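The opening position of the sequence shown corresponds to residue 31 in this note's numbering, with each subsequent residue numbered one higher.
For each residue, glycine too, the CB sits at the ideal point set by N, CA and C.
No experiment lies behind these values; they were computed from the predicted model shown.
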Amino acid sequence: MKLVLLGPPGAGKGTQAAMLVKKFAIPQISTGDMLRTAVSGQTPMGIKAKGYMDAGDLVPDEVVVGIVRERLQQVDCATGFILDGFPRTVPQADALKLNLVELSKELDAVISLDVDIDSLVERLTGRRSCGDCGKGFHLKFDPPGADGKCDVCSGELKQRADDQEETIRKRMAVYHQQTAPLEDYYRQAGLLIAVDGMAEITSVQQQILMALQVA
Ligand code: AP5
Ligand code: MG
Ligand code: ZN
31 MKLVLLGPPG
41 AGKGTQAAML
51 VKKFAIPQIS
61 TGDMLRTAVS
71 GQTPMGIKAK
81 GYMDAGDLVP
91 DEVVVGIVRE
101 RLQQVDCATG
111 FILDGFPRTV
121 PQADALKLNL
131 VELSKELDAV
141 ISLDVDIDSL
151 VERLTGRRSC
161 GDCGKGFHLK
171 FDPPGADGKC
181 DVCSGELKQR
191 ADDQEETIRK
201 RMAVYHQQTA
211 PLEDYYRQAG
221 LLIAVDGMAE
231 ITSVQQQILM
241 ALQVA
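Structure representation (structure tokens):
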């Protein structure tokens, strides 16, 4: 299964990707996670990306296109992958198309998660994730068993640097300007599946699986 998850900040891309990873045994390719790892490791790419990410802006296309191109060539992507947070601009989508041609692969679907703006802010301000294993939680919608601790590994739960309300609003504006045009791009390609992302986490998952006809 070769999928793209499309949707504004907080729509549930990472949450749904984690479930799809288990269902299909294929990797999640999250450009946001890869960039955050580079930032915390202070690699040259991380140092370059940090300012854009802290401001809620997109990192330049050539940076992310390069990391995704390399990642898609790895052996674990042979049977499929879930792209989470990529592509995010029309040039990125065009680059992905070329990469897939090179690899003789085609996307099966682009799942677009629709969620209203007020809910997105609530989701992002309440989001926490484990500093050790990365598992995501939400203080209200998906709370951990013990305050501040991961259910899986007891690691400390952290808040993302860009999950402050002002940066969240900026990320949303950037989404509407630069990423939303991809909905039409993929609708015209006959790949877009729109899913109601306002439903509960498990019900969003059900909708996705039904749309992919694997429920
Ligand atoms: P990235 O990490 O991709 O962030 P984002 O797109 O802003 O999306 P989020 O990760 O914030 O949200 P999500 O949709 O994954 O939601 P989640 O499942 O966590 O990118 C970060 C930055 O990196 C960008 O701003 C940019 O600078 C850079 N970048 C990344 N990719 C790039 C690219 N391709 N090009 C250029 N720059 C790039 O859910 C959110 C919360 O809600 C969680 O707490 C979850 O538990 C909860 N939740 C989820 N679903 C539900 C539900 N159905 N009901 C209730 N709560 C829910
Ligand atoms: Mg995410
Ligand atoms: Zn953990």
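query, result
"Supposed close pair threonine 61, threonine 119 - CB separation, criterion 8 Å", "Not a contact, Cβ separation roughly 12 Å."
"beta-carbon glycine 161 near the ligand MG non-hydrogen atom, thresh 7 Å", "no"
"Bridge-paired residues (DSSP) for histidine 206", "DSSP lists no partner for histidine 206."
"Given 8 Å, three or more beta-carbon pairs between the segment 99 to 119 and the segment 177 to 195", "no"
"Buried or exposed by the 16-neighbour rule on C-beta atoms within 10 Å, applied to lysine 52", "exposed"
"Alanine 79 classed as buried or exposed, judged by whether at least 16 other C-beta atoms fall within 10 angstroms", "buried"
"Coil, strand or helix - phenylalanine 111 by DSSP", "strand"
"Any non-hydrogen atom of the ligand AP5 closer than 7 Å to isoleucine 238 Cβ", "no"
"Whole runs of the alpha helix (DSSP H) within the segment 40 to 79, excluding any shorter than 4 residues", "43 to 54 and 61 to 70"
"Nearest residue (CA-CA) to valine 69, options Tyr216, Asp177, Arg190 and Val234", "Arg190"
"Every unbroken beta strand (DSSP E) within the segment 168 to 241, with a cutoff of 3 residues, ordered by chain", "222 to 226"
"N- and C-terminal bounds of the alpha helix (DSSP H) containing arginine 101", "91 to 102"
"Any C-beta of chain B under 8 Å from that of leucine 150", "The displayed structure is made up of one protein chain only, and chain B is not part of it."
"Unbroken beta strand (DSSP E) run spanning lysine 32, endpoints", "32 to 36"
"Boundaries (first-last residue) of the beta strand (DSSP E) holding valine 1", "Here the chain has residues from 31 to 245 only, and residue 1 is not among them."
"Neighbourhood of isoleucine 198 by C-beta, 8 Å cutoff - its chain only, sequence neighbours within 5 removed", "Pro39, Gly40, Gly86, Leu150, Val151, Leu154, Thr155 and Asp192"
"Glutamate 132 to glutamine 58 span [Cα, whole Å]", "20 Å"
"Per DSSP, cross-strand counterpart(s) of cysteine 160", "Leu187"
"Enclosing alpha helix (DSSP H) for glutamate 132 [first to last residue]", "120 to 132"
"Best match in Leu35, Gln235 and Lys200 for proximity to aspartate 84 [C-alpha to C-alpha]", "Lys200"
"Where histidine 168 falls, given that 16 or more other Cβ within 10 Å makes a residue buried", "buried"
"Length of the line joining the Cα atoms of proline 173 and valine 204", "29 Å"
"Distance cut-off 7 Å: methionine 75 Cβ against heavy atoms of the ligand AP5", "no"
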